[in-house]
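One structure is given here, and the rest of the page talks about it.
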Amino acid sequence: MLKRIILASQSTSRKKIFKSTGLYFMSKKPNISEEKEKIKIKRKTKNARLISKKLAQLKALSISKAYKKNVVVGSDTMIVCNKKIIDKVKNIKEAKAKLTFLSGKKHQIYTSVCVCFNTKIIWQHTERTTVHIRNLNERDISDYLKKCKKDILKSVGCYQAEGMGPNIFSKIEGDFYNVMGFPIIHFLKFIRKEIH
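Going left to right, the sequence shown walks through residues 524 to 719 as this note's numbering numbers them.
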């Protein structure tokens, strides 16, 4: 039987996705300074896919060192719009500016997953999904932010697909779970094939 999976993440949406599948897991905060590591990686590459892949690896490996007999899952999400990497906002004012920038545009979400066992990487996957944001005027954005409140600050794109996010979407191309923060279908295929 598969030992408890360790999700190297404190993300509320990732934990919800894992719980919804009935996976036997616990979550642990990765033993890395994510912002410092991201800065180091960005000095070497501006490729969002590679940045998310490297961060997912670092997160998984940081926990795998202490839990060598458990499958450890690290994940990271990056968003790119008009060739610009989008970072998390710190406050509602920044969220308003971010939504103004994303309005009427499409952007790409890259989520990388890295699975480790006994400090070795045994599986990796990066999923790309394109999200189209409808044209939003100032009132649309203000109303949306009032409804979402500070929960919006937890999400890189200033939306939560499982919450109020669909109100500002015009189209999604690809994996909806990826928009939520974790491409669970690909991960479950791996678990069924390789672990059991």
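The C-beta atom is built at its ideal place from N, Cα and C for all residues, glycine as well.
Asked: What do you reckon, are the CB atoms on arginine 572 and tyrosine 633 nearer than 7 Å?; Found: yes
Asked: What residues are listed by DSSP as bridge partners for lysine 607?; Found: Cys604
Asked: Should alanine 531 go down as buried or exposed, given a rule of 16 or more other Cβ atoms within 10 Å for buried?; Found: buried
Asked: Tell me whether the beta-carbon of asparagine 660 lies closer than 7 Å to the beta-carbon of lysine 591.; Found: no
Asked: Take the Cβ of threonine 649 as the centre, count every other Cβ of all protein chains shown within 10 Å, and call the residue buried at 16 or more, exposed below.; Found: buried
Asked: Using the rule of at least 16 other Cβ atoms within 10 Å of the residue's Cβ for burial, across every protein chain shown, is threonine 544 buried or exposed?; Found: exposed
Asked: Going by beta carbon distance, what residues of the same chain come within less than 7 Å of serine 536, once the five residues before and after it are set aside?; Found: Gln683, Glu685, Met703, Gly704
Asked: Taking the straight line between their C-alpha atoms, what separation do you get for aspartate 698 and valine 654?; Found: 10 Å
Asked: Find out if the Cβ-Cβ distance for the pair valine 594, isoleucine 528 is shorter than 7 Å.; Found: yes
Asked: So which of Pro553, Asn554, Ile609 has the shortest CA-CA distance to asparagine 570?; Found: Ile609
Asked: What is the residue span of the alpha helix (DSSP H) that threonine 544 lies within?; Found: 535-544
Asked: Quick check on serine 678: buried or exposed, where buried means 16 or more other Cβ atoms within 10 Å of its Cβ?; Found: buried
Asked: Can you tell which of Ser598, Lys526, Pro706, Ile562 has its C-alpha closest to the C-alpha of proline 553?; Found: Ser598
Asked: On the DSSP bridge assignment, give the partners of isoleucine 656 in chain order.; Found: Phe692
Asked: With 16 as the cutoff for other CB atoms within 10 Å, does glycine 688 come out buried or exposed?; Found: buried
Asked: Helix, strand or coil for arginine 566 per DSSP?; Found: helix
Asked: Looking at methionine 601 and isoleucine 574, is the spacing between their C-beta atoms short of 7 Å?; Found: yes
Asked: So, using beta-carbon positions, are cysteine 637 and alanine 583 closer together than 7 Å?; Found: yes
Asked: Going by beta carbon distance, what residues of the same chain come within less than 7 Å of isoleucine 555, once the five residues before and after it are set aside?; Found: Leu581, Lys582, Ser585
Asked: Report the option in Cys604, Tyr547, Ile708, Lys539 whose CA atom is closest to the CA atom of lysine 628.; Found: Cys604
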